[in-house]
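Below is one structure, written out as structure tokens; the observations come after it.
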Amino acid sequence: MRTSGRRDGYDVVVVGAGIVGLASAWMARRRGLSVAVVERDPRCTGASIRNFGFVTVTGQRAGKTWSRALRSRDLWAELAPQAGIPVVHQGLWVLAQRQAAWEVLEAFSKTSMGEDCELCSPAQIATRAPFLRARDSQGALYSPHELRVESRVAIGQLAGWLAGSCGVEFFFDHEAVGISASGVELTASGGQIDLAAERVVLAPGTHLNGLAKPFLSAYSLGLTQLQMLRVRPRQSYRQTSAVMSDLSLVRYAGYTGLAEHRRLLSQLEAECPASLADGIHLIVVQSQDGSLVVGDSHHNSRQVDPFGQDAVDQRILAHMSEAIELSDYEVVDRWLGWYPVGGPDDALVVAPEPWLRVISVTSGTGASTAFGLAEEVFDQWSS
Ligand SMILES: Cc1cc2nc3c(=O)[nH]c(=O)nc-3n(C[C@H](O)[C@H](O)[C@H](O)COP(=O)(O)OP(=O)(O)OC[C@H]3O[C@@H](n4cnc5c(N)ncnc54)[C@H](O)[C@@H]3O)c2cc1C
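Okay, structure coming up:
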């Protein structure tokens, strides 16, 4: 069946069914606008399904990014029950394995971002979070803000809910090949379609050389490549919140903005230079089936490298063993992911035309901030 032809118009056509595109579609529908989403693949297989599904608030850069993450958390909490998406974790434990890390957490807890967080002694951890390796630690910070969904399935569920309950029309397996003030041109195996649109959102993820290139090339964005693992415990193991540790305190801007992180960085440079060179910091989250998603590493490049390195995986797993009470497990999945890096801020919103917005999260914070970011875009975009 040929699908060539011109379709009735939409108020908004969104290109890209990753979390940024879906968040944009939802925000447009909340404003009563008619919306279509175009996705080149049969389903999103980009960064949005490869991450931890972890909406991280504590640790985000002070200011816009932290506020967007907090707002996104609220929006996720509102949407998840409506969309039938289980929230599989609440909160975050940041384990301080070194005295210098504890000093970063103490300093953080005195900032306004730390107000609702708690510093816990090893004895308190043993009671409240027995899955952490408290005995080797200086203590931990508990943040109540975070939540986690299983992104591998949640992104598809979110698209299904937007289509089924919110009236968003989806064009999966259709590539947007042209945009103009009158709409978006799509191609698929069945032919070509022109979607008339008042406004267009481009949320291309890592596809920096496609339609978005003329609008993003000035920012010289690159990509970072991440290695991720799923491990299955062979022993009884239950983790109620996400876990991070010392390496996160020299990576996340909410901590590196504090002078106290410098002493920790010097110590880590001396003790685990290979992990720092691989851009490793530890996040461990648990899924409903008991398996754990563990990561990650960061290697920046101008282009995608299809190959992961076992040595990097082994380093990530070693850091996991130092942070949680899990010794008997098997690795059941490994995958790579990419996201854009290098912009002037954590996210870019380019408005080259009154009818067009190009949105690129350039900091690996899209899972945490997309809803808040999309809400800002539509709040500021008068029709
Ligand atoms: C391994 C990993 C771990 C991460 N961990 C975290 C984390 O802990 N916390 C956090 O907040 N963030 C994290 N991130 C970052 C987060 O996943 C991204 O910021 C976010 O998913 C980006 O969403 P997106 O919609 O912009 O891109 P994507 O998910 O890549 O989606 C873009 C979509 O656009 C489609 N597309 C592009 N061009 C076209 C076209 N011309 N026509 C049709 N469709 C098109 C693509 O096919 C793709 O499906 C992580 C990322 C990775 C890879």
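Anchor point for the sequence shown: position 264 equals 276 in the numbering used here, and the numbering is continuous, going up by one each time. Glycine is no exception: its CB is placed at the ideal position from the N, C-alpha and C atoms.
Using the C-alpha atoms, what's the distance from residue j back to residue i?
i: residue 103; j: residue 253; result: 5 Å
i: residue 184; j: residue 87; result: 25 Å
i: residue 124; j: residue 204; result: 52 Å
i: residue 373; j: residue 22; result: 25 Å
i: residue 328; j: residue 293; result: 8 Å
i: residue 217; j: residue 135; result: 43 Å
i: residue 348; j: residue 163; result: 15 Å
i: residue 13; j: residue 200; result: Unreliable positioning characterises residue 13 in this predicted model, as indicated by a pLDDT of 32, which lies under 50. The coordinate reading is nonetheless provided below. Using only the alpha carbons, I get a separation of about 11 Å.
i: residue 114; j: residue 138; result: 17 Å
i: residue 15; j: residue 52; result: Reliability fails at residue 15, whose pLDDT of 45 lies under 50, so the model's placement of it is uncertain and no value is given.
i: residue 275; j: residue 317; result: 33 Å
i: residue 117; j: residue 325; result: 27 Å
i: residue 239; j: residue 20; result: 43 Å
i: residue 58; j: residue 146; result: 36 Å
i: residue 148; j: residue 64; result: 26 Å
i: residue 222; j: residue 56; result: 17 Å
i: residue 289; j: residue 264; result: 16 Å
i: residue 287; j: residue 379; result: 24 Å
i: residue 314; j: residue 97; result: 35 Å
Give a yes or no on whether the C-beta atoms belonging to residue i and residue j are separated by under 8 Å.
i: residue 360; j: residue 231; result: yes
i: residue 112; j: residue 269; result: no
i: residue 257; j: residue 109; result: yes
i: residue 390; j: residue 40; result: yes
i: residue 143; j: residue 247; result: no
i: residue 159; j: residue 354; result: no
i: residue 364; j: residue 220; result: no
i: residue 236; j: residue 71; result: no
i: residue 154; j: residue 130; result: yes
i: residue 296; j: residue 332; result: yes
i: residue 243; j: residue 344; result: yes
i: residue 291; j: residue 273; result: no
Let's see if you can read the secondary structure: which residues bound the beta strand (DSSP E) around residue i?
i: residue 184; result: 181–184
i: residue 304; result: 304–307
i: residue 43; result: Neither: residue 43 is in no beta strand (DSSP E) and is coded neither H nor E.
i: residue 210; result: 203–214
i: residue 188; result: 187–192
i: residue 347; result: 341–353
i: residue 412; result: There is simply no residue 412 to check, as the chain begins at 13 and stops at 395 in what is shown.
i: residue 364; result: 359–365
i: residue 195; result: 195–200
Note the first and the last residue of the continuous alpha helix (DSSP H) segment covering residue i.
i: residue 328; result: 322–335
i: residue 316; result: First-last for residue 316: undefined, no H or E at that position.
i: residue 377; result: Careful: residue 377 lies outside any alpha helix (DSSP H) and carries neither H nor E.
i: residue 117; result: 111–121
Would you grab the beta carbon distance between residue i and residue j for me? Rounded to a whole angstrom, and I think it's under 8 Å.
i: residue 31; j: residue 382; result: 4 Å
i: residue 298; j: residue 157; result: Not quite, the Cβ-Cβ distance comes to about 18 Å (not below 8 Å), so this is no contact.
i: residue 180; j: residue 323; result: About 44 Å separates the two Cβ atoms, so there is no contact after all.
i: residue 196; j: residue 50; result: 6 Å
i: residue 69; j: residue 82; result: 5 Å
i: residue 169; j: residue 48; result: About 19 Å; that fails the 8 Å criterion.
For the segment 254–287, which segments carrying the alpha helix (DSSP H) assignment without a break, of at least 4 residues, lie completely within its bounds, in sequence order? Listed in chain order, they are 265–268, 273–283.
Please list the segments of the beta strand (DSSP E) lying wholly inside the segment 132–178, counting only runs of 3 or more residues, in order along the chain. As far as the segment 132–178 is concerned, its whole beta strand (DSSP E) runs of at least 3 residues are 151–160.
Whole alpha helix (DSSP H) runs in the segment 59–100 with 4 or more residues, listed along the chain? Every alpha helix (DSSP H) of 4 residues or more that sits fully in the segment 59–100 is shown, in chain order, as 59–62, 76–95.
**Report entry** Residue ranges of each beta strand (DSSP E) within the segment 219–253, 3 or longer
**Finding:** You should have 234–245.
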